[in-house]
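Enquirer: One structure follows; several queries about it will come next.
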Amino acid sequence: MGKLLNGPQGQVIGSVGNNVSYVLKGQNVIKAKCRKVIKFRKLSPAQQDNCYRMTVINKFFKGILPLLKAGFHNVSIGTTSHYHNAATSYNKRHALKGEYPNLTIDFANIKISLGPLPMPLTSSANLIAEGVEFIWSYSDSQLDAKAGDQTLILLHFPALERSLQFIYGSLRSSGKEIIELPEEYQNTQMECYLSFISGDRTLVADSSYLGRLN
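Heads up: the sequence shown is residues 1094 to 1307, going by the numbering used here.
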């Protein structure tokens, strides 16, 4: 049963007929009720392809939701979309290669953040004895690049099916960040990503893929 909040002109919460209404980010959202779950084999080829794309992307996202929240939160502001929806939508379109059922992650096109903050003019990730050293250029003359911006870093290990996330790390002005790795991670293939977020958390950059190590 649905309920009217604040009188006849207010928001509807609950079930009304074939629809379900709820409040999301201050907006009244109405959606059709979910139908009975259809078995995968009964889906159309296009539906199977879409489901598999979601599966591949969500497997990559496993364990890095705090990073994605920092990197995609601003994309969803003013909409009924969620940061996870924004991250999934972008990467499902741009960061998969191959055809169903042989879809794989295109690591070079993964984004861990989207936004207008500028990235450094140069940046790199390099192996060192302790783990990985991220290095980037900094100049206070670069438009909108603030000394107090902080790093967002992702290291993904395909063979281990694991990721390490580092949120609100070194200041942009420091020019580097060292990630110390446990021994089990040091000699395995890793995909490296770097981005920046403003000190007040209102802006992020389009992340950069810094390549594969090992």
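The C-beta atom is built at its ideal place from N, Cα and C for all residues, glycine as well. Here the structure is a predicted model, which is why all the values come from computation and not from measurement.
Between Tyr1302 and Lys1162, what straight-line distance do the alpha-carbon atoms span, to the nearest angstrom?
Expert: Counted from its first residue, the sequence shown places residue 1302 at position 209. Counted from its first residue, the sequence shown places residue 1162 at position 69. Cα to Cα, the separation comes out at about 18 Å.
Enquirer: Between Asp1299, Glu1273 and Gln1279, which lies nearest to Arg1305 when the distance is taken from Cα to Cα?
Expert: By 1-based counting over the sequence shown, the position of residue 1305 is 212. Ranking Asp1299, Glu1273 and Gln1279 by Cα distance to Arg1305 puts Gln1279 first.
Enquirer: From this set, Ser1291, Asn1151, Arg1134 and Ser1137, which residue's C-alpha is nearest Thr1197's C-alpha?
Expert: Here residue 1197 corresponds to residue number 104 of the sequence shown, with the count starting at 1. The candidate whose alpha carbon is nearest that of Thr1197 is Asn1151.
Enquirer: For Pro1194, collect the residues of the same chain with a Cβ closer than 7 Å to its Cβ; drop the 5 residues on either side in sequence, then sort them by chain order.
Expert: Locating residue 1194 in the sequence shown gives position 101, counting from the first residue. Answer for Pro1194: Tyr1145, listed in chain order.
Enquirer: With DSSP as the reference, please indicate the residues paired to Ile1260 in a beta bridge.
Expert: By 1-based counting over the sequence shown, the position of residue 1260 is 167. Partner(s): Leu1245.
Enquirer: Does DSSP classify Tyr1278 as helix, strand or coil?
Expert: Reading the sequence shown from its first residue, position 185 is the one you call residue 1278. Residue state, collapsed to three classes: helix.
Enquirer: Hey, would you say Arg1265 sits closer than 8 Å to Ala1238, going by beta carbons?
Expert: In the sequence shown, residue 1265 corresponds to position 172, counting from 1. In the sequence shown, residue 1238 corresponds to position 145, counting from 1. Yes. Within cutoff.
Enquirer: Any contact between the segment 1219 to 1236 and the segment 1259 to 1278? By contact I mean 3 or more CB pairs, one from each, below 8 Å.
Expert: With the cut-off at 8 Å, the segment 1219 to 1236 and the segment 1259 to 1278 touch.
Enquirer: Can you tell me which of the three DSSP states Leu1214 falls into?
Expert: Here residue 1214 refers to the residue found at position 121 when the sequence shown is read from its first residue. Correct three-state label for Leu1214: coil.
Enquirer: Using the three-state DSSP reduction, which class does Tyr1193 fall into: helix, strand or coil?
Expert: Within the sequence shown, residue 1193 is the residue found at index 100, counting from 1. Residue state, collapsed to three classes: coil.
Enquirer: Compute the Euclidean distance between the alpha carbons of Gly1208 and Val1297, then round it to the nearest angstrom.
Expert: Position 115 of the sequence shown holds residue 1208. Position 204 of the sequence shown holds residue 1297. Looking at the two C-alpha atoms, the distance is approximately 5 Å.
Enquirer: From the DSSP output, read off the bridge partner residues of Asn1058.
Expert: Past the boundaries of the shown model lies residue 1058; the chain is included only from 1094 to 1307, so the question cannot be answered.
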